[in-house]
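Participant:
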Amino acid sequence: MDLTVRTFSQFNRASWVIATMVVTTAAVGCSDPMTTASSPGDLRVYRGSLVQRHLLTGELEAIESAEIKVPRTHEHRLQIQWLAADGAMVTEGETVLEFDNSSFTANLDQQRTAVQRSHRTLLHTRAMGDARMREADAAVERARIALAKAELDASVPASVRSRYDVRRFQLALTKAGADRDKALADHRATETSVEADIQVNEEEYQKARRELRIAEGAVDALVLAAPRDGIIVVEENPWEDRKFQVGDTVFPGWTVVGIPNLEKLRVRASLSDVDDGSLELGMAVRCTPDIEPGLHLNGIITEITPIAREQRIFSERRGFDVTIELPTTIGDILLVPGMSVRVEAVRLFPEQLLIPRGAVDFTTRPPTADRRNGSRVEIRVGPCSAHDCVLAEGLEEGDLLAPAGARSS
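Sequential numbering from 82 applies to the sequence shown in this note's numbering.
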């Protein structure tokens with residue numbers, strides 16, 4: 082029994098050795114040199130080109146868009162009562178957004194009553210003012226007549242009258258003059274008072290009308306129409322991390338709905354902060370909309386924000402916003418803002434010395450590599466792809482290497 086097992090084991094070992102020799106011979110004769118250099122069985126330093134590929138996730142956004150914002154009213158916040166469906170086609174003048182106007186319409190009747198009441202008060206004040214002015218005019222006229230009569234009586238010669246009458250008529254003239262001056266002063270005071278009362282009531286009436294006009298305008302402003310033909314794009318609610326919906330509370334100045342110009346689109350992608358420096362301005366990328374996997378759009382990176390920010394509200398992930406410009410003509414395929422896009426950025430490093438990543442020990446500082454003969458060498462590497470790294474110094478082309486960590490294992 083032991084002899085049978087030993088013979089069978091020796092046969093398997095011999096078969097494995099023969100199979101290994103056949104596979105190795107076939108690989109040497111047929112495989113690509115770069116693949117051979119990077120294979121785990123033959124790790125060596127070789128010369129070639131390094132290609133880095135970075136995949137980003139982004140979405141389409143419009144360069145130009147007609148934004149429909151929350152109007153400014155005396156209310157600090159409004160509630161969405163009706164909202165057009167995201168992606169719906171609308172024509173100019175069609176209603177796309179309505180806000181709850183109950184807080185405005187509740188006071189309209191009271192404000193209309195206030196306008197009528199202030200108008201009646203103004204008319205009454207004007208009528209009373211006219212009556213007071215007529216009385217003041219009559220008092221001035223009576224004082225003028227009395228003064229004229231006193232002047233006539235006092236003009237009679239003193240020779241034909243007693244001393245008592247002369248003195249009495251002189252006193253009457255003096256009193257008539259004083260009464261005339263008092264009547265004129267009262268007339269001026271009445272005129273000033275009437276004008277002030279009318280002005281106060283006029284201002285109250287205009288204020289009531291202005292408040293009513295603002296309230297009615299606010300009610301009309303809560304119904305927003307499309308400024309042009311196009312497709313509706315509902316914006317993101319910054320507090321809920323989703324698109325706006327009916328019942329949401331919004332604040333003046335927020336953009337709720339947009340009607341983008343579909344002929345001018347770009348891509349807004351996010352680069353993780355751990356990949357800082359892997360992309361640069363002017364780099365060419367290929368964008369593939371998820372809805373059209375067969376459509377490839379060539380773009381150019383035009384902007385990378387200098388500071389990473391939170392990707393989502395209350396998220397610990399941070400990233401850089403990357404702006405990618407697309408061709409001006411996309412074709413007949415309908416692409417709208419908000420569609421997700423797969424972005425592939427390719428970075429090519431010209432032919433130079435490369436070392437397989439499997440032979441680099443990154444746990445040491447600086448990185449090291451083990452030659453096949455057992456010697457360990459400190460090396461300096463540059464950019465890396467998934468399989469290889471650029472070798473800056475430490476080894477020569479053709480050096481055979483052992484897998485990283487083989488010595489410790």
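Beta carbons: idealized from backbone N, C-alpha and C, even for Gly.
Remember, predicted model here, so these are calculated numbers, not experimental data.
Okay, do the region 258-272 and the region 136-152 touch, 3+ Cβ pairs below 8 Å being the bar?
Facilitator: With a cut-off of 8 Å, the region 136-152 and the region 258-272 do not count as touching, because too few Cβ pairs lie within range.
Participant: When the Cα of A350 is compared with those of R128, Q133, E140, G129, which residue comes out closest?
Facilitator: Closest by alpha carbon: E140.
Participant: What three-state label does DSSP hand S351 in the structure shown?
Facilitator: Strand, per DSSP.
Participant: Which residues in the same chain as R193 place their Cβ atom closer than 7 Å to its Cβ, once the five residues preceding and following it in sequence are excluded?
Facilitator: Taken in chain order, the residues that qualify are L293.
Participant: On the DSSP bridge assignment, give the partners of M170 in chain order.
Facilitator: In DSSP, M170 forms a bridge with I312.
Participant: Can you tell me where the alpha helix (DSSP H) with L252 in it begins and where it stops?
Facilitator: 244-302 is the extent of the alpha helix (DSSP H) around L252.
Participant: Just list the residues that DSSP pairs R390 with in beta bridges.
Facilitator: Paired residues: G400.
Participant: Does F332 have its Cβ less than 8 Å from a Cβ in chain B?
Facilitator: In summary, chain B is missing from the structure at hand, where a single protein chain is found.
Participant: Grouping DSSP H, G and I as helix and E and B as strand, with all else coil, what is D113?
Facilitator: Low confidence applies here, because D113 scores a pLDDT of 38, under 50, leaving its location unreliable; read the following figure in that light. In the structure shown, D113 sits in coil (DSSP, three-state: anything other than H, G, I, E or B).
Participant: Between the alpha carbons of H155 and I149, how many angstroms are there, rounded?
Facilitator: If you take the alpha carbons of H155 and I149, they lie about 19 Å apart.
Participant: Kindly indicate the opening and closing residues of the beta strand (DSSP E) around K150.
Facilitator: Taken as a continuous stretch (DSSP letters only), the beta strand (DSSP E) holding K150 covers 146-150.
Participant: Going by the DSSP bridge assignment, what does I372 pair with across the sheet?
Facilitator: Paired residues: none, contrary to the question.
Participant: With distances taken Cα to Cα, identify the nearest neighbour of D167 among M420, D267, I279, E373.
Facilitator: Answer by Cα proximity: M420.
Participant: Report all residues from its chain with a CB closer than 6 Å to the CB of A239; omit the five preceding and five following residues, and keep chain order.
Facilitator: The answer, listed in chain order, is V247.
Participant: My assumption, with CB atoms under 8 Å, is that R457 sits in contact with T449. Please give the rounded CB distance.
Facilitator: The Cβ separation is near 5 Å, so the contact holds.
Participant: Can you tell me whether T206 is buried or exposed, with buried defined as 16 or more other CB within 10 angstroms of its CB?
Facilitator: That one is buried.
Participant: How many angstroms separate the CA atom of E284 from the CA atom of D262?
Facilitator: Roughly 33 Å separates the two Cα atoms.
Participant: Grab me the residues of V427's own chain with a C-beta within less than 6 Å of its C-beta, minus the 5 sequence neighbours each way, in chain order.
Facilitator: The answer, listed in chain order, is R134.
Participant: Where do the N-terminal and C-terminal ends of the beta strand (DSSP E) with F180 fall, by residue?
Facilitator: 176-180 is the extent of the beta strand (DSSP E) around F180.
Participant: Give the single residue among A266, S184, R323, A473 whose Cα lies nearest to the Cα of L303.
Facilitator: It is S184.
Participant: Would DSSP call V427 helix, strand or coil?
Facilitator: Here V427 sits in strand by DSSP.
Participant: Can you tell which of V275, V422, L131, L252 has its C-alpha closest to the C-alpha of R347?
Facilitator: That would be V422, whose Cα lies nearest to the Cα of R347.
Participant: Can you pull the DSSP bridge partners for V462?
Facilitator: The partner list for V462 (beta bridge, DSSP) reads L472.
Participant: From M170, R461, E425, pick the residue whose C-alpha is nearest to that of V338; which is it?
Facilitator: The shortest Cα separation from V338 among M170, R461, E425 belongs to M170.
Participant: Among F401, I414, P464, V417, which has the Cα closest to the Cα of F430?
Facilitator: If we check each option's Cα against that of F430, P464 comes out closest.
Participant: I'd like to confirm the pairing. Which residues does DSSP put opposite R323 in its beta bridges?
Facilitator: BP columns for R323 point to N318.
Participant: Look at the alpha carbon of R323 and the alpha carbon of A440, and state the distance between them as a whole number of angstroms.
Facilitator: Rounded to whole angstroms, R323 to A440 spans 46 Å at the Cα level.
Participant: Under a three-way DSSP split, which group does A307 fall into?
Facilitator: DSSP places A307 in coil when its eight states are reduced to three.
Participant: Which value, in whole angstroms, describes the spacing of the CA atoms of Q287 and A277?
Facilitator: Using only the alpha carbons, I get a separation of about 15 Å.
Participant: I want to know whether the region 396-405 touches the region 353-364 - three or more CB-CB distances under 8 Å.
Facilitator: Taking 8 Å as the limit for Cβ pairs, the verdict is that the region 353-364 does touch the region 396-405.
Participant: Skipping 5 residues on each side, what residues in its chain have a beta carbon closer than 8 Å to that of K230?
Facilitator: These residues qualify, in order along the chain: A257.
Participant: Please classify Y245 as buried or exposed, where buried requires at least 16 neighbouring CB atoms within 10 angstroms.
Facilitator: With fewer than 16 Cβ atoms within 10 Å of its Cβ, Y245 is classed as exposed.
Participant: Can you say whether I340 is buried or exposed, counting buried as having 16 or more other CB atoms within 10 angstroms of its CB?
Facilitator: Buried: at least 16 other Cβ atoms inside 10 Å.
Participant: Using beta-carbon positions only, say whether L376 and V403 come within less than 8 Å of one another.
Facilitator: It is not a contact, given that the beta carbons lie outside the stated cut-off.
Participant: Mind reading off the beta-carbon distance from I382 to I405? Whole number of angstroms is fine, and I expect it under 8 Å.
Facilitator: I382 to I405, Cβ: 6 Å. Contact.
Participant: For E384, which beta-bridge partners are listed by DSSP?
Facilitator: DSSP lists T404 as partners of E384.
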